[in-house]
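Numbering (the numbering used here), first residue to last: 1461 to 1635. In this text, a Cβ means the ideal position worked out from N, Cα and C, and glycines have one as well. Remember, it's a predicted structure, so these values are computed and weren't measured experimentally. Scroll down for the structure; my scribbles are underneath it.
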């Protein structure tokens, strides 16, 4: 996995977590962003796209950034539709990949990285990437099945993917 994906995902989650300043926007925009999950997902995609332009050190075409953005958005959709255990494991794996890549970059920067070490690091990161993606898919499917069982006839795949995000068990604060 290109480290750009991991950087983009972590930056995206920081941005999404910082949504507590939304009330600084105009009332009509606040209403749109509050009630339209489609608009929220479009904003997520735009955040990914523009975040890539900030964190990607390579010169890439807008089309290439768009393709990478779609991949990150799909991964984001998987990661945000899993139970807590899968989420923690997958995020831990992604964080590990990120730290290993930082170590590789550091050792390259001080010219202290042998070809063998780099190959070893790359194999480890490749394995962790495959495990993370596999767990994300399994976690997504497991959560999907659990939601179908919980909501039975009321279940909608559209709502599961793009539907209203009100978590049961969480008091939603009115600002």
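Taking 7 Å as the limit between beta carbons, can you name the residues of its chain near residue i, skipping five residues before and five after?
i: residue 1561; result: 1463 and 1585
i: residue 1554; result: 1466, 1469 and 1592
i: residue 1608; result: 1615
i: residue 1539; result: 1547, 1550 and 1596
So which of the options has the shortest CA-CA distance to residue i?
i: residue 1476; options: 1497, 1489, 1486 and 1507; result: 1507
i: residue 1594; options: 1497, 1547, 1524 and 1485; result: 1547
i: residue 1589; options: 1552, 1518 and 1545; result: 1552
Whole angstroms are fine: how far does the CA of residue j sit from the CA of residue i?
i: residue 1582; j: residue 1597; result: 22 Å
i: residue 1504; j: residue 1482; result: 14 Å
i: residue 1565; j: residue 1467; result: 14 Å
i: residue 1465; j: residue 1526; result: 12 Å
i: residue 1557; j: residue 1550; result: 11 Å
i: residue 1497; j: residue 1489; result: 13 Å
i: residue 1530; j: residue 1567; result: 31 Å
i: residue 1545; j: residue 1524; result: 33 Å
Taking Cβ to Cβ, would you say residue i is nearer than 8 Å to residue j?
i: residue 1543; j: residue 1603; result: yes
i: residue 1541; j: residue 1470; result: no
i: residue 1535; j: residue 1511; result: no
i: residue 1501; j: residue 1622; result: yes
Please go through the same chain and pick out, in chain order, the residues whose beta-carbon is closer than 6 Å to the beta-carbon of residue i, but skip the five residues on each side of it.
i: residue 1533; result: 1505 and 1508
i: residue 1619; result: none
i: residue 1569; result: none
Would you say residue i lies against chain B (beta-carbon separation less than 8 Å)?
i: residue 1615; result: Absent from the structure: chain B. Only one protein chain is present.
Just to confirm my understanding: we take residue i, look at its own chain, exclude 5 residues before and 5 after, and list those with CB closer than 8 Å. What are they?
i: residue 1605; result: none
i: residue 1492; result: 1499
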